[in-house]
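S.K.: Counting from 1 along the sequence shown, just add 19 to a position and that's the residue number in the working numbering.
All residues carry an ideal CB built from backbone N, CA and C; glycine is no exception.
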Amino acid sequence: MQRSFRTFVLPLTVAALVLLTGCLAPLQVDGGTDFANQVSNADADVGRTISVSGNGEVTADADLAVVTVAVTATASSADEARAQVANDSERMRQALRDAGVPDDAVSTAYFRVGPQYDYSGQERNRTGYQAVHAYTVEVAPEEAGEVIDVAVGNGASEVQQVTFTLTDETRADLREEALNAAMDSARTDADTLAEAADLSIAGVRSVSTTGGYQPIDTRVAYESADSAGGSTSFEPGPVTVTATVSVTYDAE
């Protein structure tokens, strides 16, 4: 936006002008909002300013589900546990392919192989080794239940988490809407404060912003041994995208 600039011719008595300027106290007006709003009467070269904050919030249905499943195995040796996990993982991956899930939608979340111990006695006793290969699968929200059923039925032994969120493109679009709403809120507060101080808004001096979004995180305890019965389904709620702006306006 266009800024307003003023030009002043200073007299030679600079010392007196400095003394007078130092006597000017800031003028603050309470806007009656939850924001930190301020009207200030600064030095003549700077001009009066009004500082406000505004919030914007937009909600939308999730358009991305991130499913975390794990293939686990225990054996007497680390290599045996690893080999079993590798076989079960490939079986699960192939079943997901057959169900229409592309390879680039599946990625490793983490992998580990380590000893297991029995702590029931006075000393710990190693009982074997466990291998775990966890995967994240990104699909449309309505496909999350089917992915779980296919994975658990073909090698996965745990479903650790299901998160319903937004694709990057959708999140960017909603953030733009939230920013516009936040700027509208800030301008409304600035106009109210300006009117209360018998001023008018002349332009924007500075703007800063923060924001984020809140995905829906569903943690599930789902083991293949107990999964007999119907298919898995979810009913995710909306995802909220927020934005906060801090704006300083020039006033006259």
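#1: Bridge partners of Tyr138, per DSSP?
#2: Run through DSSP, which three-state label would Cys42 get?
#3: Along the alpha helix (DSSP H) that carries Arg116, what are the first and last residues, could you check?
#4: What whole-angstrom Cβ distance do Gly133 and Thr93 have, given they're in contact under 8 Å?
#5: What residue does the beta strand (DSSP E) around Asn74 start on, and which one ends it?
#6: Are three or more beta carbon pairs between the region 112 to 123 and the region 193 to 200 nearer than 8 Å?
#7: Once the 5 residues before and after Thr186 are set aside, which same chain residues still bring their CB inside 8 Å of it?
#8: DSSP on Thr251, reduced to helix/strand/coil?
#9: Below 8 Å, can you find three or more Cβ-Cβ pairs linking the region 166 to 181 to the region 220 to 233?
#10: Taking only the alpha-carbon atoms, compute the straight-line gap between Ala200 and Thr261 and give it to the nearest angstrom.
#11: Do Val226 and Ser72 come within 8 Å of each other at the CB atom, strictly closer than that value?
M.R.: Let me spell this out:
#1: On the sequence shown, residue 138 is found 119 positions in, with the first residue counted as 1. Bridge partners of Tyr138: none, in fact.
#2: On the sequence shown, residue 42 is found 23 positions in, with the first residue counted as 1. At Cys42 the pLDDT is 37, less than 50, meaning the model places this residue with poor confidence; the figure from the coordinates comes in the next sentence. If DSSP states are grouped into helix, strand and coil, Cys42 belongs with coil.
#3: What you label residue 116 is simply residue 97 of the sequence shown in a count that begins at 1. Following the DSSP letters along the chain, one finds Arg116 inside the alpha helix (DSSP H) bounded by residues 97 to 117.
#4: Translated into positions along the sequence shown, residue 133 becomes position 114. Translated into positions along the sequence shown, residue 93 becomes position 74. Rounded, the Cβ-Cβ distance is 11 Å, inconsistent with contact.
#5: Locating residue 74 in the sequence shown gives position 55, where the first residue counts as 1. Counting along the chain, the beta strand (DSSP E) containing Asn74 begins and ends at 67 to 80.
#6: Flag = no, the region 112 to 123 and the region 193 to 200 do not touch.
#7: Taking the first residue of the sequence shown as position 1, residue 186 is located at position 167. Taken in chain order, the residues that qualify are Asp82, Leu83.
#8: Working through the sequence shown from its first residue, we reach residue 251 at position 232. Annotated three-state conformation of Thr251 is coil, per DSSP.
#9: no
#10: Locating residue 200 in the sequence shown gives position 181, where the first residue counts as 1. Locating residue 261 in the sequence shown gives position 242, where the first residue counts as 1. Going from the Cα of Ala200 to the Cα of Thr261 covers about 10 Å.
#11: On the sequence shown, residue 72 is found 53 positions in, with the first residue counted as 1. On the sequence shown, residue 226 is found 207 positions in, with the first residue counted as 1. Not in contact: Ser72 and Val226 (Cβ atoms no closer than 8 Å).
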